[in-house]
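Chemist:
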Amino acid sequence: MPSPIVKRVLISVSNKNGLAEFARDLSAAGIEIFSTGGTRKHLESAGVAVRDIAQYTGFPEMMDGRLKTLHPKVFGGILCRHDNPDDMSGLEDHGILTFELVVVNLYPFEETVAREGVAMAQAIEQIDIGG
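Residue numbers for the sequence shown, in this note's numbering: 1225 to 1355.
#1: Per DSSP, which one or two residues make a beta bridge with residue 1259?
#2: How about the segment 1320-1335 and the segment 1228-1239: do they share at least three Cβ pairs that are nearer than 8 Å?
#3: From what residue to what residue does the alpha helix (DSSP H) around residue 1230 run?
#4: Suppose you measure from the CA of residue 1350 to the CA of residue 1332; what does that come to, to the nearest Å?
#5: Kindly indicate which three-state DSSP category residue 1312 falls into: helix, strand or coil?
#6: Since residue 1298 is in the alpha helix (DSSP H), which residue starts that stretch and which ends it?
#7: Are residue 1300 and residue 1285 touching if we call contact CB-CB under 7 Å?
#8: In chain order, what residues of the same chain lie with their CB nearer than 7 Å to the CB of residue 1342, ignoring the 5 residues before and after it?
#9: Any contact between the segment 1244-1251 and the segment 1278-1296? By contact I mean 3 or more CB pairs, one from each, below 8 Å.
#10: To the nearest angstrom, how far is the alpha carbon of residue 1314 from that of residue 1338?
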């Protein structure tokens, strides 16, 4: 089965080093970029065209950013099987776009818990489930 052509990417990262350059390359290749709050602001400030995932889903970020992308309009677009007509029809029926590429990185949990005297609450804040 051939891989689908990348038309759309979701970017949500904590470490933004090199991100603007990477996103510019994606945009130059004609790939539409969607992003979450802080990442979106970073890309916009670097002059990269980006769509707000909250506007797309119609659901705002909440719980201090813990909940951003856990939505059927996001996960449906990631999990769909491009070669499955029922999947694609379901997306179309519900106005769900496909995401062929997802760019994420995790919070530095290991570094955080390795620090002496770190509180449990600080460690918990570094657990990233991709909300």
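Idealized CB from N, CA, C, for every residue including glycine.
Modeler: Looking at the atomic coordinates:
#1: 1235, 1276
#2: yes
#3: Counting along the chain, residue 1230 falls outside any alpha helix (DSSP H), and DSSP gives it neither H nor E.
#4: 6 Å
#5: helix
#6: 1296-1303
#7: no
#8: 1336
#9: no
#10: 45 Å
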